[in-house]
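Heads up: the sequence lines are chains B and V, in that order.
Numbering follows the UniProt record's numbering, with no gaps: position 185 of the first sequence is 185.
Numbering follows the UniProt record's numbering, with no gaps: position 196 of the second sequence is 196.
Using N, Cα and C, we set each Cβ at its ideal position, and we do this for glycine too.
To start, the structure itself, in structure tokens.
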Amino acid sequence: MSNETILIDDYVVNINDLNKSFGSNHVLRGIDLHVQRGEVVCIIGPSGSGKSTLLRCINMLEQPSSGNIVVLGRELTHIDCDIDEARTRIGMVFQQFNLFPHMTALENICVAQRKVLRRSKAEAEMKGLQLLARVGLTEKADAYPGQLSGGQQQRVAIARALAMDPDVMLFDEATSALDPELVGDVLNVMKALAEDGMTMLVVTHEMGFASNVATRVVFMDGGVIVEQGPPSQVINAPQEDRTKSFLSSVLNH
Amino acid sequence: MALSKRQRATYARYAIYTLSVLAVAAMALLVDWTRLSNAMFKWEIVKEQFPSILTSAAKNTVVFTILGFAGGLSFGLLFALMRLSSIRPYRWIAATYIEIFRGIPLLVTLLALGFGIPIATGWQWPNPYLQGAIPLSLVASAYMAETIRAGIEAVPKGQMEAARSLGMSYPRAMITIVIPQALRIIVPPLTNEFVLLIKDTSLISVLGVTDATRDLARFGRDGVTDSANATPLIVAGLVYLAMTLPLTQLVAYMERRAKAVGK
């Protein structure tokens with residue numbers, strides 16, 4: 001009994017037998033995934049394998065068809081769960097950045113602090129400026145998203161998510177929409193975040209990042225987790241044929 | 001000799017220009033200008049229209065328009081949100097409302113609500129302005145609901161998702177993130193609807209308005225009766241144009257600017 005309590009406290013994300021269908025398209029087929037505090041889990045796999053859908057289920061942007069998801073001890077799939085409150089603890093970064101175009105970088109970072117967490121303007125702005133400094137964009141506080149490069153927008157988006165002081169961060173192909181020369185800046189911010197001990201789930205195609213930063217790599221294909229383990233195992237010495245063929249198509253060209 | 005395609009097009013264009021000039025010249029020569037201007041733009045009558053055409057008639061038109069627009073915008077926003085709701089009965093109610101009020105002529109709605117309700121219930125409209133403005137705003141809201149809905153749908157889905165992922169509730173995300181962006185998109189079409197409303201207020205006079213609530217069109221029509229001359233209507237038309245032209249130019253400017261910004 002006491003063991004179970006410790007387990008729940010230690011695990012940030014607990015996913016049990018998660019299924020998700022879009023109409024007749026069965027995208028996730030019985031996913032079990034358990035992520036401990038401080039882990040950096042990179043989810044890799046071919047497109048259409050369900051990795052983004054899995055990530056979007058973790059903050060309920062997609063409604064699971066069945067199964068249960070427990071994040072930070074809250075059962076999100078329970079009918080009584082206050083999903084808005086739970087989401088403040090779960091940061092998310094999107095492929096298309098999704099900054100609010102009618103607000104400056106600083107306002108983007110402050111708006112949810114003010115409206116959701118009810119922080120004072122001064123408090124929110126102080127936090128916002130700290131975070132902008134952390135992602136290296138102090139001088140862009142008053143710039144609108146349209147005036148920023150993709151890489152800068154994505155770093156603002158990371159700062160915006162961090163402003164809520166989340167316990168876990170979800171990255172949904174955060175660098176896939178970026179020009180190649182802008183990817184590095186964003187990955188550096190993510191790496192620094194990982195080194196600070198943030199629990200992260202990262203859907204990515206960046207195998208270098210997965211090798212160097214992940215504590216665990218999860219390979220998905222066809223809506224199931226095919227293989228998972230430390231990067232030295234999954235990326236450098238995969239056991240499953242599907243993992244091998246995916247990696248050879250990604251790494252060899 | 002054979003003409004090339006381009007030569008033929010050139011000659012055809014010259015022929016059309018020549019015919020147009022001849023037609024205008026013929027009109028200018030044949031029309032009895034003195035008689036025409038006496039009947040339609042007699043200066044003494046023009047002067048008689050002022051100042052009451054502005055202080056009373058145009059004022060009433062503006063009051064009806066603003067009441068109709070304010071009501072139309074509020075109800076329109078409400079019905080747009082209902083049409084976008086995930087709750088099915090809300091969508092049905094909004095869709096039915098919109099179809100009914102878009103499908104029935106304003107004149108019929110005005111008569112049905114302005115006269116029909118008092119006849120059916122014995123209840124009297126407390127205020128002649130409301131008697132006209134409320135049916136007007138109900139019809140306007142049906143059109144505006146569709147405009148607003150289109151504007152909200154034009155905001156990328158990622159905006160709502162980003163807002164929700166930060167813990168905002170659906171209404172909070174709508175108010176803070178989506179609607180401000182939708183408003184920018186719909187300002188030009190809403191301005192067009194404002195222009196339509198200015199003109200639609202001319203129908204309110206079927207409700208049998210008093211002197212105090214006479215709108216611009218009715219003022220012109222009464223002027224025609226009083227003076228046995230068409231001039232008051234022409235003046236009323238010019239006052240309408242003075243109101244609508246700046247707005248249509250504003251829309252054109254906003255659309256040019258939107259195109260220049262490339263968004």
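Pairing Asn212(B) with Ser86(V), the inter-Cα distance amounts to about 44 Å. Put simply, the CB of Phe100(B) is near chain V, with a gap under 8 Å to one of its CB atoms. Each residue's CA atom was taken as its position, placing Pro128(V) and Thr213(V) some 7 Å apart. Within a 10 Å sphere around the beta-carbon of Lys127(B) sit 16 or more other beta-carbons, which makes this residue buried. For Cys110(B), DSSP records no beta bridge to any residue.
Listed in chain order, the alpha helix (DSSP H) elements of length 4 or more contained wholly in the region 30–72 of chain B are 51–58. Under a criterion of Cβ atoms nearer than 8 Å, no residue of chain V is adjacent to Met198(B); the nearest Cβ is some 16 Å distant. Distance between Tyr253(V) and Phe22(B), taken at the CA atoms: about 44 Å.
For Val116(B), the nearest CB of chain V lies under 8 Å from its own CB, placing it at the interface with that chain. Boundaries around Thr225(V) are those of the alpha helix (DSSP H), Leu216 to Ser227, since no beta strand (DSSP E) includes it.
Three or more Cβ pairs drawn from the region 149–168 of chain B and the region 177–194 of chain B lie within less than 8 Å of each other, which places the two stretches in contact.
Interface annotation, Thr88(B): in contact with chain V, CB-CB separation under 8 Å. Under the 8 Å criterion on CB atoms, Ala105(B) is classed as non-interfacial with respect to chain V. Shown in chain order are the members of the region 172–184 of chain V whose Cβ falls below 7 Å from a Cβ of chain B: Arg172, Thr176, Ile177, Pro180 and Gln181.
The Cβ atoms of Val70(B) and Thr199(B) lie no closer than 8 Å to each other. A residue is called buried when at least 16 other Cβ atoms come within 10 angstroms of its Cβ; Val183(B) meets this threshold and is buried. Taking CB atoms only, Ser4(V) has no neighbour in chain B less than 8 Å away.
When rounded, the separation of the alpha-carbon atoms in Arg221(V) and Ile234(V) is 10 Å. In the same chain as Trp125(V), and ignoring 5 residues on each side of it, the C-beta atoms closer than 6 Å to its own belong to Gln131, in chain order. The beta-carbon of Leu77(V) is placed no less than 8 Å from the nearest beta-carbon of chain B.
Close to Ala258(V), with beta-carbon spacing below 8 Å, lies no residue of chain B; the smallest spacing is near 14 Å. Under the rule that a run must span 4 or more residues, the alpha helix (DSSP H) segments found entirely inside the region 114–159 of chain V read 117–121 and 128–154.
Within the DSSP secondary-structure output, Thr199(B) pairs in a beta bridge with Val168(B). Residues Val135, Gly136, Leu137, Asp185, Val186 and Val189 of the same chain have their beta carbon placed closer than 8 Å to that of Arg155(B), with the five preceding and five following residues left out of the count. Interface criterion not met: the Cβ of Ser20(V) is under 8 Å from no Cβ in chain B. Among the residues of the region 57–85 of chain B, those with a Cβ less than 8 Å away from any Cβ of chain V are Asn59, Leu61, Asp84 and Glu85, in the order of the chain. Listed by position along chain V, the residues whose Cβ is nearer than 9 Å to that of Val111(B) are Ala163, Leu166, Met168, Thr176 and Ile177. Residues of chain B with a Cβ closer than 7 Å to the Cβ of Gly158(V) are, in chain order, Phe94, Gln96 and Asn98.
Rounded to the nearest angstrom, the gap between the Cα atoms of Arg257(V) and Ser227(V) is 46 Å. Around the C-beta of Ser249(B), fewer than 16 other C-beta atoms lie within 10 Å, and the residue is accordingly described as exposed.
Shown here for Gly223(V): same chain residues with a beta carbon closer than 6 Å to its own, the five before and five after excluded, namely Pro232 in chain order. Shown here for Val251(V): same chain residues with a beta carbon closer than 7 Å to its own, the five before and five after excluded, namely Pro188, Thr191 and Asn192 in chain order. Under the 8 Å criterion on CB atoms, Met169(B) is classed as non-interfacial with respect to chain V. Residue contact with chain V for Met164(B): present (Cβ-Cβ distance below 8 Å to some residue of chain V). The beta strand (DSSP E) runs of length 3 or more contained entirely in the region 73–104 of chain B are, from start to end of the chain, 90–93.
By the neighbour-count criterion, in which 16 or more other beta carbons inside 10 Å mark a residue as buried, Gly237(V) falls on the exposed side.
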